[in-house]
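Chains as they are written, first to last, in the numbering used here: chain A, 16 to 1132; chain B, 24 to 635. Built from N, CA and C at the ideal position, the CB exists for glycine as well. Structure first, then comments.
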């Protein structure tokens, strides 16, 4: 299916055009008047006076006057930014004046905070609210994707483009985990992590939940509590910030039905098939060149490959010649036999094209029914989202269903019963083929263009099976994740004194049932006419099953007291209690030996062993008491105190309880009498400061108990794998809360009737008592030093956001617009860590997270003579010699010892290594532009990162191409951009130096060794992964009410929206195979794991991000 | 009632109302899939499971048996680039690793059992109890012995250390003391470990009396020779203090351990009268020959327990292009028990009439394999996988499917009766107790299995091997007796590329310099080529090979110079193919240096002699 984008745009425009021309109304008389400010009596210039329900309008002139043709029945609407809107029925009047009242609502609006709301003026913490409208037209697979970049300080780190992955959500900072090479001599990957999870707590209507399970159309507001003072009431769960999602409540007093539907076309952000050279002969020549480069020396031309990726009997000089001949004939005949009677292929296969579709589609339908009466209010919503796969072969499908019912029954004026029930299911089925590698890396290893998937006789080739092509195509192998989620909250609301004293209590039960299945069937191929061989033997085929259940209960009781104490005092008191109880059970089992590929039932399999049974329960409990007092005097001086007392089952009895206080101060200078001079333009000027300390109990449940577990041995004992146990885990020296203390100062400014708003925060967040391994002990101790609360780190950061909102008249009709820019940054530094040796690959005191150590370079050598005069450099391996030649990268001897070394890889002795960059994203920003005119809305949202370095890891074949593995991808971006060599004399020279080719000499494995010039981080190949992305562009049209009067539709809107349309990034200079927003390794959905480093999964093998084009319709009845 | 308990009580009341869960322990929870350590070691099964865990973690891996670095980087195997350890000037204490907690977790595991198993006393019979204590002490001795081989002096650790244990902060124990304690553990294990059918099964995986005895023989022979051939403790450079056992004590311990096994009659050489294949069956079978094998690691295709040993040998890039050298080939006798006359013979001819173990160690004429498709065909050596023209055969599965995958399913012997015989013969010869009868029973039996006529050194018909005596000639040292030379020959031809035997033999015989010993001081010596063969090419096993300017699977590129990592011919235009590669030896290399990173953690730690 190929639907052109343009077709979408055109149809949308036609619809809009049709409705624009519809502007008919009988206009018989002229009305005019003046619009002035009720307080100052000054005329208001630029105010819109409109006939209600039409686009007929006028903007007031310099003297505040207007004039309009109307009919007597018309209702005039006068509106202007910063004032309350007024409506007047015309009747027979010819002159109507409007005295506009200032609208303080913008400042007085309520802000959602922990366990309640506060007026914006009372707010002293770093809290930002986002209206659900901002996400309304974003048809992404889950809400987290739409939130990216919308709120300063909220960092959403996408793992990849898979529709069921929501990424990680961090407030102020990011993950503290990273992986590095294992040691100075081993490029295998090694993971590092430090401290407890630093993710944000997400609460949906007060209950711990997940953004990916939310129906975006249900969202009323999203509140982000960034500092310790604001999240203090969440205690040990909110140490790294809280996201509060409030779902919509029924509002209207009649029945309304809203339908919102959209159809989306998605295109992968990276089109691999266009960036990889798939001409068989071109590829093969380059393969041979790279392979020979591996051990080429001035006296030897290097070893000519005799196989591709060690597979027997394929490659030779004469094969290459024959391939050249077949290529010149247009690859008409791609088959042959060798001397042993085995198949030989002369192919020209674009494997990526065989696997991937150019476009895939998704659609969503949402219905929301609202009803409300004096006693009962109710809303029901349902949504279906369905996204098809990116694969041409193999079924991939993602489907979710949401259902929510939310309602309240008013027993009397003081007592209300509420219920909020949500149901969510998701199902994600992906094709699956595991031959010890992730799918894309497998294609790098086995998807060489010279091979073909099918033999002449129709049997499968070794390559067709080994790439997974046939496994995908036959659709018997799959990976499926399905979950069913149910949640219900019963609550009571008692309000003995209306608007003053309120008590709420609720109880929630939440259940999640997850079912995972993975099937790998046996596979055969034919390597010679009439001979079938096994690739995956029947005994190795398997079906794995996961069954995970979560049962979660929580209860809250909250008392809110907001006494009316006159004009001078505002008091808001919240006190409450919270309890949580969670049980997670997991079952896993695998059986081998599938007999019928279509029926992988355990009962139809013949494996003798049910492997790897896994059956466990994790359970924890938490009790908390909290309170908050917010008091403001004369609306100027604000003080807030909050605290929580928490008990957690995850700590030993003696250290189970923690107390976490916070205090905040605010001063609204704008309300001071001495600032009266500024009243005409300054609406709000507030300085805030707060400090708070929170605990973090995000650790695994049983860390402090000495336990012995039983596993199945991998060593064969007389034909079976017996059980075994080993010495007990060493319990920590002591274990208590990780403490997170945040200091925050902020400034809020609103001027020009709130047209211009500014908000800024600077913070320091210190995390102490982080649980890490204890000080290193001498080796003979024989175990990792007992862990304890030894570590600490510190994050410094700031956030600013600036917003401008206004309205002007355009072609006689009001054009309202707003601009909002946010910019934020943070740096996390390790302040305490046990790293006696000063190993630079690990954390150490003073380490800024994300720093990259590597070599400084000075281009490449132009001749062997030049290379010979350079210092000793054992990072270049040529043949079996460790030395450098022309065309090789030139490392700089920073420490001047006449040798390029990594020293002992410690802070004291790091040889020529230097900090060459930092991988942490810096200067993250978001920029919104919104316009609304005559029912036409245009919204643009840019998002990006100002500074970020990236050094492509070992095995990142999409970057390194054949510098990684010679049998890997030949990248089009590298072709013609490599040094050309003259090898004719022993003094090799680079012949195209004047063209400044980016890529050094063709040496296979130079990016794939423990020590190799490209394996080691260096500033020559360091990439800048900063970017700006047009994350979203939406064009919508809301049909005029008049047009709909005769129909049963009360509101209708059509819109066209795209996600990720354009991206600008310096990364594209050298590679078009990476998405700067998501540079990641493959994910564990595909077997082979996510081990990084040498022989692991390099970067770029993850599911691609999608660019999408959506056409949608929203109707309200 | 204080505030805290009041609050808890409120919550518990609410919790009960909520969930009906048992209330006292709302904040006290335990996992369901682990056992509290305090109640473990109460039953026989607890002991058994724990010992399974020791096997799980510490049973030598497939590659450490069949591809041991001590063999790969010894004098008789050519490799692409040698071990960094032996590269001139490359190695030092900063590069060294292996003194971190992970390297001692093994010993801690053993002590954890020994410290805690007392709970089982009285709950299981004394025999069972002592058996398991023996197993744990065997492993503890095994762990310490590995450290002694690597570092010489090492701390003797006989209990689970606490983090402030003084042992952590003192000098290493003297090797002689450690070996004395190791011997104590081994003796206890040899006396108490059972060999009842429960522990001595056809899989040969469990630790039992025989495993302990055979390992004890290996260990004692190692230490005995070390004390005899080294005049000083290489950790300190000081003479041996002989406070505990002497060299002869260890030889005698070796002898008694061997005799106990030999007299039991439980084991015999795997000899079905087919000298062409009997030897190979020990290394290429999934079902290991249990007549000979004492301890093994089992592979199984059906259970997907497979390994990558063949891949290492048959890959141009995965391994080190391991290649047997001419020196290794020359050590094999001819079938009549005499040494070869000359080694200036083409590959196609030199396998004729030789000890049948030769073609079961090195692929020779007639060697076949099964390609990915079709049936078995002849195979010539792949020059891109072997650096000097000879290809290993010993561990390789003769099926191309194994050449680039971890699908090899041959089980590997860790200890076998053949080695016991060799240990016995050597200990006897070193202590002057060798007789013609013992010879026939040991070396003679091994030769007879390989189709070689047994000739007792010194007897009529014995022909002195000048190549061998030259090979072992060390300036300023008394030449070895024929007996010892023949025993050393036999250790190579029988145990080549098994368990790192060659490397540790060289070290215990104080012949470490052999590791860097090269033909004419140039490099590894490979196949012999005549001038004609160099010019016109030659055939091995039906395949055509050339010497040219390009290295491919059938060709080596000759370089003008003998620079490192190039090929040349010993006589310029003909002769032995030499792979030029220089390595270095210094006597400090008998031991690894203590890693530099260990010193800041223990200021009393001492470095090995010569590594400072």
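Integer-rounded CB distance, given that residue 842 (chain A) should sit under 8 Å from residue 1 (chain A): A query on residue 1 (chain A) cannot be resolved here, the shown segment of chain A reaching from 16 to 1132 and no further.
Classify residue 326 (chain B) as buried or exposed, calling it buried when 16 or more other Cβ atoms lie within 10 Å of its own Cβ. That one is buried.
Of all the residues that make up the segment 390-406 of chain B, which are near chain A by a beta-carbon distance shorter than 8 Å? Close to chain A, meaning a Cβ-Cβ distance shorter than 8 Å, are the following residues of the segment 390-406 of chain B: 394, 395, 396, 397, 400, 405.
One question on the structure: do residue 329 (chain B) and residue 429 (chain B) come within less than 7 Å of each other, judged by their Cβ atoms? For residue 329 (chain B) and residue 429 (chain B), yes; Cβs fall inside 7 Å.
Within the continuous beta strand (DSSP E) that includes residue 272 (chain A), where are the two ends? It spans 271-283 - the beta strand (DSSP E) in which residue 272 (chain A) sits, taken as one unbroken run.
Identify the contact partners of residue 55 (chain B) in chain A, using a Cβ-Cβ distance below 7 Å as the criterion. Per Cβ cutoff of 7 Å: 631, 632.
DSSP beta-bridge partners of residue 185 (chain A): Per the DSSP secondary-structure output, residue 185 (chain A) pairs in a beta bridge with A:170.
Just to confirm, are residue 237 (chain B) and residue 443 (chain B) a CB contact at a threshold of 7 Å? A contact, by the Cβ cut-off of 7 Å.
Using a Cβ-Cβ cut-off of 6 Å (strictly less than) and excluding sequence neighbours within five positions of residue 193 (chain A), which residues of its own chain qualify? Closer than 6 Å at Cβ, skipping near neighbours: 207.
How would you list, in chain order, the residues of chain A whose beta-carbon sits under 9 Å from the beta-carbon of residue 7 (chain B)? This structure does not reach residue 7 (chain B), given that chain B is present from 24 up to 635, and the question cannot be answered.
Taking the alpha-carbon of residue 337 (chain B) as reference, which of B:452, B:262, B:417 has the nearest alpha-carbon? The closest CA to that of residue 337 (chain B), considering only B:452, B:262, B:417, is found on B:417.
Would you say residue 574 (chain B) reaches chain A, if we count a Cβ-Cβ gap shorter than 7 Å as a contact? Yes, residue 574 (chain B) lies at the interface with chain A (some Cβ there is under 7 Å from its Cβ).
Which whole-angstrom value is the C-beta distance of residue 548 (chain A) and residue 516 (chain B), which I expect to be below 8 Å? Contact flag wrong, Cβ pair sits at about 37 Å.
Among the residues of its own chain, which have a CB less than 7 Å from the CB of residue 1013 (chain A), if the five just before and after it don't count? Only 992, 1085 meet the Cβ criterion.
Just the C-alpha distance for residue 469 (chain A) and residue 181 (chain A), rounded to the nearest angstrom, thanks. About 38 Å.
Listed in chain order, which residues of the segment 346-369 of chain B have Cβ atoms closer than 7 Å to some Cβ of chain A? Against chain A - using a Cβ distance shorter than 7 Å - the segment 346-369 of chain B contributes no residues.
Residue-level contact to chain A via CB, residue 79 (chain B), 7 Å cutoff: Output row for residue 79 (chain B): interface = yes.
Which chain B residues are close to residue 792 (chain A), counting only those with a beta carbon under 8 Å from its beta carbon? Going along chain B in sequence order, the residues near residue 792 (chain A) (Cβ under 8 Å) are 124, 186, 191, 624.
Could you pull out every residue in the same chain whose Cβ sits closer than 6 Å to the Cβ of residue 395 (chain A), ignoring the five residues on either side in sequence? Short of 6 Å from the beta carbon of residue 395 (chain A), and not among the five residues preceding or following it, lie these beta carbons of its own chain, in chain order: 384, 420.
Residue from A:427, A:595, A:371 whose Cα sits closest to the Cα of residue 484 (chain A): It is A:371.
What residue ranges within the segment 211-275 of chain A form continuous alpha helix (DSSP H) runs of no fewer than 4 residues, ordered along the chain? Taking only runs of at least 4 residues, the alpha helix (DSSP H) segments lying wholly in the segment 211-275 of chain A are 243-246.
Range covered by the alpha helix (DSSP H) that runs through residue 297 (chain A): Unbroken alpha helix (DSSP H) run through residue 297 (chain A): 295-308.
Environment of residue 696 (chain A) [buried if 16+ CB atoms lie within 10 Å]: Exposed: under 16 other Cβ atoms inside 10 Å.
With burial defined as no fewer than 16 other Cβ atoms inside 10 Å of the residue's Cβ, what is the status of residue 604 (chain B): buried or exposed? Using a 10 angstroms sphere on the CB of residue 604 (chain B), the tally of other CB atoms reaches 16 or more, which defines it as buried.
What ranges does the alpha helix (DSSP H) occupy inside the segment 59-115 of chain B, keeping only unbroken runs of at least 4 residues that lie completely in it? Listed in chain order, they are 67-81, 85-89, 92-95.
I want to see whether chain A comes within less than 7 Å of residue 60 (chain B), judged by CB atoms only; does it? Interface residue, yes.
Check for me: the alpha helix (DSSP H) holding residue 994 (chain A) runs from which residue to which? It is not in any alpha helix (DSSP H) - residue 994 (chain A) carries neither H nor E in the DSSP assignment.
Applying the criterion that 16 or more other CB atoms from any shown protein chain within 10 Å of the CB defines a buried residue, is residue 938 (chain A) buried or exposed? With a threshold of 16 other beta carbon atoms within 10 Å, residue 938 (chain A) falls short and is exposed.
Do we get a CB-CB distance below 7 Å when we pair residue 180 (chain B) with the residues of chain A? Under the Cβ distance rule, residue 180 (chain B) counts among the residues neighbouring chain A, one pair being separated by less than 7 Å.
Taking only beta carbons into account, state which residues of the segment 575-593 of chain A come closer than 8 Å to chain B, listed in chain order. Within the segment 575-593 of chain A, the residues whose Cβ lies closer than 8 Å to some Cβ of chain B are 592, listed in chain order.
Through-space distance from residue 364 (chain A) to residue 343 (chain A), alpha-carbon basis: Going by the C-alpha atoms only, they are around 15 Å apart.
Short check: CB of residue 815 (chain A) to CB of residue 834 (chain A), under 7 Å? It is not a contact, given that the beta carbons lie outside the stated cut-off.
Would you verify that the beta carbon of residue 159 (chain B) is, or is not, closer than 7 Å to some beta carbon of chain A? Chain A contact via Cβ: absent.
Output the distance between the C-alpha atoms of residue 552 (chain A) and residue 546 (chain B), rounded to the nearest integer angstrom. Those two C-alpha atoms are separated by around 44 Å.
Please go through the same chain and pick out, in chain order, the residues whose beta-carbon is closer than 8 Å to the beta-carbon of residue 31 (chain A), but skip the five residues on each side of it. Model confidence at residue 31 (chain A) stands at a pLDDT of 49, short of 50, so the residue's coordinates are unreliable; what they give is reported in the following sentence. Closer than 8 Å at Cβ, skipping near neighbours: 951, 1052, 1069.
Buried or exposed by the 16-neighbour rule on C-beta atoms within 10 Å, applied to residue 887 (chain A): Residue environment: residue 887 (chain A) is assigned as exposed (fewer than 16 neighbouring CB atoms within 10 Å of its CB, all protein chains considered).
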